[in-house]
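Reading through the structure tokens given below for one structure.
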Amino acid sequence: MGEAVEADTKALKKIMTVEGRYVIPTFQRDYEWTREGQWELLFEDLDSVAGRLGAARVEAEATGSSQARAERSVAPHFLGAVVCDQLPSPTGGLTLSAVIDGQQRLTTLQLLVRGVLDVLQETGSGRARQVKRLLENPEDVIDHPHERYKLWPRRKDRDVWPVAMSDEVPAYGTEDHLYLQARRFFADSVRNSLVDDQGRDRIDDFVDALLDLFKLVVIDLDDNDDAQVIFEVLNGRQTPLAASDLVKNLLFLRGELADEQELEELYDAYWAEFDEPWWKKQIGVGHAARARRDVLLSVWLTAVSGTEANVGRLYGEVRQYLAGGDHKTKDILIELSEYRQAYKAIYGALDSGSPRLAQSYRNLVILKLQTAVPLLAWLRTLPAGRLSLADHERAAGAVESWVLRRMILGANTRGYNAAFLGVLKSAQAAARTPEANIADAVVAALAVSPNSLAWPSDDEITSAFTQDRFYGRFTQERIRLILGAIDAQMRVNNPKTEPAVFDYAQLQIEHLMPQRWEPHWPLPASVGEDPAQRELATSERSAAVDQIGNLTLVTSAFNQGLSNLGWDQKRPELAAQSALQLNLPIATTEHWDEETITARGEALADIACRIWPR
1 MGEAVEADTK ALKKIMTVEG RYVIPTFQRD YEWTREGQWE LLFEDLDSVA
51 GRLGAARVEA EATGSSQARA ERSVAPHFLG AVVCDQLPSP TGGLTLSAVI
101 DGQQRLTTLQ LLVRGVLDVL QETGSGRARQ VKRLLENPED VIDHPHERYK
151 LWPRRKDRDV WPVAMSDEVP AYGTEDHLYL QARRFFADSV RNSLVDDQGR
201 DRIDDFVDAL LDLFKLVVID LDDNDDAQVI FEVLNGRQTP LAASDLVKNL
251 LFLRGELADE QELEELYDAY WAEFDEPWWK KQIGVGHAAR ARRDVLLSVW
301 LTAVSGTEAN VGRLYGEVRQ YLAGGDHKTK DILIELSEYR QAYKAIYGAL
351 DSGSPRLAQS YRNLVILKLQ TAVPLLAWLR TLPAGRLSLA DHERAAGAVE
401 SWVLRRMILG ANTRGYNAAF LGVLKSAQAA ARTPEANIAD AVVAALAVSP
451 NSLAWPSDDE ITSAFTQDRF YGRFTQERIR LILGAIDAQM RVNNPKTEPA
501 VFDYAQLQIE HLMPQRWEPH WPLPASVGED PAQRELATSE RSAAVDQIGN
551 LTLVTSAFNQ GLSNLGWDQK RPELAAQSAL QLNLPIATTE HWDEETITAR
601 GEALADIACR IWPR
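The sequence shown begins at 1 in full-length UniProt numbering and counts up by one.
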């Protein structure tokens, strides 16, 4: 790791009795260890080591052998690694160390020590003062009250930490902070284990095991070390942190060394929101599942670097990007904040500022088109003076149209990453040219896509609407998207429409001619009795029933008992669904057959092509 890195294995007593302070940086994660997850295991380790130590002492006493030699024969327990970096401190003041990695472990050990100390103080043990030195600095070396504590947590936990460390036992409650819960658990566990099966007092065994046989690997870095490399290596050997946690350390570590107050202000202003549940929520499935904040970082990096970011290797790629230019931490944080707001607007967690934009975003989210998000997010970061709302809507609408039209044709999605990266680069090139129109650049880049990524024409859409199967080929969510958009457009086109608001996602898809059409929808007499003709007509009808021209949307009031009946029985029920513009022409249609389905498909295609123009 280089000569400037000092790594040593030390007993807890050696680490924590030195005068100084360990500071948990603001950018570190919340304290998350729990009773079931880690506390019980940690106490079991202490109980086991204390048991071995006690057994060695009993045997030495029984055999008259050297107790010191017997104690040295007890194997220590290694707790893992803690990585620290020196912080600037006043001349003559206490040594300050930032805990870069291992804060969960070090914090829990302090709470374990406090729990043991509670029992020592209750029993009047003379060893209480010795143990307390692991928690507090001497009075004669501190200038401020908070300097008393050997460990100083994140700022958000600094009010509760003195309570967790106080000699006065807190009035415990059911909603206590994890610090207080841990202190109580460890104190109770020691109390319940003070006497062994032979009635022997174990308190000295617990104290000596904790102070001398619990050991940590401590890595101290000086000013010339790259703390991030060490951080990455250590965590790579264990369960790695989320990419966002690694990037957070990358951005904030040097700021912490320079000015803690400025760091905390930057954290609160530009990063703290990432700690909220919405950003921590995992999206995706299986091995592809990532927290939203990790996905957002990949969106940002793709947009600003012009290279597709790999969320699985995000930390290394961000490091490489930052090393490639004069990127100031504050500027990066401001930029990330802009992309965070853009991402939330795209995914409906923030007002997009335009109903048309909101609709484009909703449709693209339904289509799960993450590859377009860097482009869409970048567009949202542009000032209104460079991209007007009308042009913004046109650019997002072009992306929506390109994607929807290709989906309707069942086109392959392979190559979408590269395609949208190309559109992004074209748009960014236009942004650097004062006289260029960015929306025009987006539209043009989509229009010149190669054949495998072509933007389908109106004729191709009409062909799909009149010939292709929709039901069973597309998800119902996607069919509702198309039919709902058409209904909304028909509502806009009809000035006599009564105001109504529909949640199209909650409507049901209804086959006008039912899929089980045979009982009530006989083939026309013109087909005759020839088996070959009847087989052909049956095949054509069965294909037609799943075309979009035969599909509509109905509310929950629709009588599903009529669904498979003949047209004469269904038509009045559909007339009752006339609040949906989609159903008005249907209700006035006297006869429903394959020709009607084709004609309606053409009509719907015409509207769809106007909603999503090319």
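Where is the CB? At the ideal position from N, CA and C, for every residue including glycine.
- Query: Based on Cα-Cα distance, which residue from I548, I438, N583 lies nearest to P383?
  - Reply: I438
- Task: Mind checking which residues open and close the beta strand (DSSP E) that includes D606?
- Result: Looking at the DSSP string, D606 is not in any beta strand (DSSP E); the run it does join, the alpha helix (DSSP H), is 594 to 611.
- Message: Between the alpha carbons of D245 and R29, how many angstroms are there, rounded?
- Response: 8 angstroms
- Report the rounded CA-to-CA distance for E132 versus D143, giving the unit in angstroms. The sequence given here places Lys at residue 132; Glu does not occur at that position. Their Cα atoms are separated by approximately 19 angstroms.
- Identify the continuous alpha helix (DSSP H) that holds Y343 and give its terminal residues. 329 to 346
- Endpoints, the beta strand (DSSP E) within which I509 is located: 508 to 511
- Message: Using only CA atoms, which one of K368, A345, I408, L404 lies nearest to G378?
- Response: In the sequence under discussion, the amino acid at residue 378 is Trp, which differs from the Gly named in the question. The candidate whose alpha carbon is nearest that of W378 is A345.
- Option in F185, L135, E276 with minimal Cα separation from W161: L135
- Item | Residue burial classification, R600 (beta-carbon count within 10 angstroms, cutoff 16) | buried
- Item | Proximal residues to D487 (C-beta, below 8 angstroms), its chain only, five neighbours per side dropped | F502, Y504, L553, L580, Q581, L582
- Query: Skipping 5 residues on each side, what residues in its chain have a beta carbon closer than 6 angstroms to that of F420?
  - Reply: T371, A372, L375
- Just the Cα atoms here: how many angstroms apart are S97 and C84? 6 angstroms
- Item | Contacting residues, own chain, Cβ-Cβ under 7 angstroms from W33 (five flanking each side not counted) | W39, Q104, T108
- Item | Local Cβ density within 10 Å of V195, reported as buried at 16 or more and exposed below that | exposed
- Quick one: using the 10 Å Cβ neighbour count with 16 as the cut-off for buried, is A242 buried or exposed? buried
- Query: Name the DSSP bridge partner or partners of I283?
  - Reply: R290
- Task: Using alpha carbons as the reference points, say which of F465, W592, I548 lies closest to W517.
- Result: W592
- Message: Using C-beta distances below 7 angstroms, list every residue in its chain close to L357, excluding the 5 sequence neighbours before and after it, in chain order.
- Response: H392, E393, A396
- Report the residue ranges of all alpha helix (DSSP H) runs contained in full by the region 51 to 100; include only those spanning at least 4 residues, in chain order. 67 to 72
- Query: Which residues in the same chain have their Cβ closer than 8 angstroms to the Cβ of S457, if we skip the five residues on either side of it in sequence?
  - Reply: R614
- Query: Do you know how far the Cα of A269 is from the Cα of G316?
  - Reply: 25 angstroms
- Message: For R237, which residues in the same chain have their Cβ closer than 6 angstroms to its Cβ, ignoring the five residues on either side in sequence?
- Response: Confidence at R237 is low in this model, with a pLDDT of 45, below 50, so its placement is unreliable and no value can be given for it.
- Message: Restricting to runs no shorter than 4 residues, where is the alpha helix (DSSP H) found entirely within the region 449 to 514?
- Response: 458 to 467, 476 to 493
- Can you list, in chain order, the residues of its chain whose CB lies under 7 angstroms from that of V141, leaving out five sequence neighbours each side? E19, L94
- If we call anything under 9 angstroms between Cβ atoms a contact, is F558 one with E595? no
- Message: With H, G and I counted as helix, E and B as strand and the rest as coil, what does DSSP make of Y361?
- Response: helix
- Buried or exposed for V49, please, with buried defined as at least 16 other CB atoms from any protein chain shown within 10 angstroms of its CB. buried
- Rounded C-alpha distance that separates S305 from I461: 36 angstroms
- Contact check, R191 vs A164, beta carbons under 9 angstroms: no
- Could you give the C-beta distance for A288 and Q282, rounded to a whole number, given that I count them as a contact under 8 angstroms? That belief does not hold up - the Cβ atoms of A288 and Q282 are roughly 10 angstroms apart, past 8 angstroms.
- Which of helix, strand or coil DSSP assigns to E19: coil
- Is the region 537 to 555 in contact with the region 479 to 494, if contact means three or more CB pairs nearer than 8 angstroms? yes
- Please classify T413: does DSSP put it in a helix, a strand, or coil? coil
- In three-state terms, what does DSSP make of F420? helix
- Task: Identify every residue that forms a DSSP beta bridge with W152.
- Result: V23
- Message: By the DSSP assignment, the beta strand (DSSP E) with T371 in it spans what residues?
- Response: Unbroken run through T371: none, as it is neither H nor E.
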